[in-house]
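Below is one structure, written out as structure tokens, with a few remarks after it.
Numbering (the numbering used here), first residue to last: 1 to 276.
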């Protein structure tokens, strides 16, 4: 028999935190919950066992074990058991940076998020509850840190629809990432070579890259070249900017300088002076 636990985090200074936890708990859902005006904070609900039905934005979703949904504040929603015993875990949170953080993590649309049975998401909230029970956290700082880690874990291990999780997308891209590390200095390395390494259509490759890194394969390669150029500007003071441009895979110095400045806000020589 599972022990159900509920905690309301002491308000104290939590309202001033970038991210704060309002409530957290586990519960046996026994009836329909209807919130026509939504909830005043962000609300995460996941299934521990059994199955539930969740309606939001005019769409009804099934929430079996290994899935959950994140609902924005004040978003009308309804949920109810879809099986005799629907056990859930929940987390409600807010904060001055909550909205910006969720946008950056791509956790905006209220749709089911799923994960593998052995994912850290499966028992993250229960372990968080254990820490809350064991620790003295009058200002909610540890709970805030845990909530931040939870959202990062959700971004990394969760998947919506047929999308890969970030971890799985990164693993599928590993051969290409390793290839880029070897070939970044070759100015002829291009998208055709990348497609050949992965053996997949351009659209699939682009989708995987955006899922894993939030950018296209070409932009990832440019960022890699700039990162390598930074390392050489600092670690090889005897090399000219022109030589480093060549070593980093740029065809000409002017293009390198313009790209470096656009990416870093400084021309290469000024960047180097910061470390002299």
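The beta-carbon is built from N, C-alpha and C at its ideal position, and this holds for glycine as well.
Next on the checklist: What would DSSP say about residue 88, mapped onto helix, strand or coil?
Outcome noted: Taking the first residue of the chain shown as 1, we reach residue 88 at position 88. Three-state DSSP puts residue 88 in a strand.
Item to check | Uninterrupted alpha helix (DSSP H) stretches inside the segment 207-265 (no shorter than 4 residues) | outcome: 217-235, 241-247 and 253-264
Checklist entry - Is there contact here, the segment 67-86 with the segment 37-45, by at least three beta-carbon pairs under 8 Å? => result yes
Checklist entry - Which same chain residues, not among the five before or five after residue 170, have their C-beta less than 6 Å away from its C-beta? => result Within the chain shown, residue 170 is the residue found at index 170, counting from 1. Counting only Cβ-Cβ distances below 6 Å, and skipping sequence neighbours, we find 212.
Checklist entry - So, helix, strand or coil for residue 93, using DSSP? => result In the chain shown, counting from the first residue as 1, residue 93 sits at position 93. It is a strand residue.
Checklist entry - For residue 197, which residues of its own chain have a beta-carbon under 8 Å away from its beta-carbon, when the five flanking residues on both sides are left out? => result Here residue 197 is taken as the residue at index 197 of the chain shown, counted from 1. Around residue 197: 175, 176 and 179.
Checklist entry - Taking three-plus beta-carbon pairs below 8 Å as touching, is the segment 47-63 in contact with the segment 94-106? => result no
Checklist entry - Which whole runs of the beta strand (DSSP E) in the segment 15-93 are 3 residues long or more, in chain order? => result 20-29, 33-35, 42-49, 51-56, 59-64, 67-71 and 77-81
Next on the checklist: Could you check whether residue 209 and residue 202 sit closer than 8 Å to each other, using their CB atoms as the reference points?
Outcome noted: Against the chain shown, residue 202 aligns to sequence position 202. Against the chain shown, residue 209 aligns to sequence position 209. Contact flag unset, no.
Checklist entry - Can you name the start and end residues of the alpha helix (DSSP H) that residue 268 belongs to? => result The residue labelled residue 268 in the question sits at position 268 within the chain shown. Looking at the DSSP string, the run of the alpha helix (DSSP H) that includes residue 268 is 268-273.
Next on the checklist: For residue 275, count the other beta carbons within 10 Å of its own beta carbon; 16 or more makes it buried, fewer makes it exposed. Which is it?
Outcome noted: Indexing the chain shown from 1 puts residue 275 at position 275. With fewer than 16 Cβ atoms within 10 Å of its Cβ, residue 275 is classed as exposed.
Checklist entry - Can you tell me the Cα-Cα spacing of residue 185 and residue 229, whole angstroms? => result Translated into the one-based positions of the chain shown, residue 185 becomes position 185. Translated into the one-based positions of the chain shown, residue 229 becomes position 229. Going by the C-alpha atoms only, they are around 10 Å apart.
Checklist entry - Can you tell which of 123, 240, 89 and 252 has the C-alpha that lies nearest to the C-alpha of residue 187? => result Here the question's residue 187 lines up with position 187 in the chain shown. If we check each option's Cα against that of residue 187, 252 comes out closest.
Next on the checklist: At the level of alpha carbons, what is the spacing between residue 21 and residue 267?
Outcome noted: The residue given as residue 21 occupies position 21 in the chain shown. The residue given as residue 267 occupies position 267 in the chain shown. The straight-line gap from Cα to Cα measures roughly 43 Å.
Next on the checklist: Please list the terminal residues of the continuous alpha helix (DSSP H) segment that includes residue 148.
Outcome noted: Taking the chain shown and counting its residues from 1, the one referred to as residue 148 is at position 148. Looking at the DSSP string, the run of the alpha helix (DSSP H) that includes residue 148 is 141-157.
Item to check | 6 Å CB neighbourhood of residue 136 in its chain, flanking five on each side removed | outcome: As a first step, residue 136 must be located in the chain shown, where it is residue number 136. Nothing meets the Cβ criterion.
Checklist entry - Buried or exposed: residue 235, going by 16 or more other Cβ atoms within 10 Å of its Cβ? => result The count along the chain shown starts at 1 and reaches residue 235 at position 235. Per the 10 Å Cβ criterion, exposed.
Checklist entry - Could you give the residue range of the alpha helix (DSSP H) that holds residue 102? => result Your numbering for residue 102 matches position 102 in the chain shown. That run of the alpha helix (DSSP H) goes 98-105.
Next on the checklist: Just verifying my parser: in three-state terms, what is the DSSP assignment at residue 160?
Outcome noted: As a first step, residue 160 must be located in the chain shown, where it is residue number 160. Three-state DSSP puts residue 160 in a strand.
Checklist entry - When burial is assigned at 16 or more other CB atoms within 10 Å of the CB, is residue 17 buried or exposed? => result By one-based count along the chain shown, residue 17 stands at place 17. Buried, by the Cβ-count rule.
Checklist entry - How many Å lie between residue 1 and residue 113 at the Cα? => result In the chain shown, counting from the first residue as 1, residue 1 sits at position 1. In the chain shown, counting from the first residue as 1, residue 113 sits at position 113. Since pLDDT at residue 1 reaches only 44, below the 50 mark, its modelled position is unreliable, and the value read off the structure follows with that caveat. If I take the Cα positions, the gap works out to 26 Å.
Checklist entry - Does DSSP put residue 114 in a helix, a strand or coil? => result Position 114 of the chain shown, counting from 1, holds the residue named residue 114. In this structure, residue 114 counts as strand in the three-state DSSP scheme.
Item to check | Pairwise C-alpha distance: residue 214 and residue 272 | outcome: In the chain shown, counting from the first residue as 1, residue 272 sits at position 272. In the chain shown, counting from the first residue as 1, residue 214 sits at position 214. If you take the alpha carbons of residue 272 and residue 214, they lie about 28 Å apart.
Checklist entry - Is it true that the CB of residue 26 sits closer than 8 Å to the CB of residue 48? => result Reading the chain shown from its first residue, position 48 is the one you call residue 48. Reading the chain shown from its first residue, position 26 is the one you call residue 26. For residue 48 and residue 26, yes; Cβs fall inside 8 Å.
Item to check | Best match in 29, 66, 32 and 71 for proximity to residue 39 [C-alpha to C-alpha] | outcome: In the chain shown, counting from the first residue as 1, residue 39 sits at position 39. Taking only the C-alpha atoms, the option nearest residue 39 is 71.
Item to check | Member of 73, 263 and 265 whose CA lies at the smallest distance from the CA of residue 35 | outcome: Translated into positions along the chain shown, residue 35 becomes position 35. Checked all of 73, 263 and 265; the closest Cα to residue 35 is 73.
Checklist entry - If you run the structure through DSSP and keep just helix, strand and coil, what is residue 168? => result As a first step, residue 168 must be located in the chain shown, where it is residue number 168. In this structure, residue 168 counts as helix in the three-state DSSP scheme.
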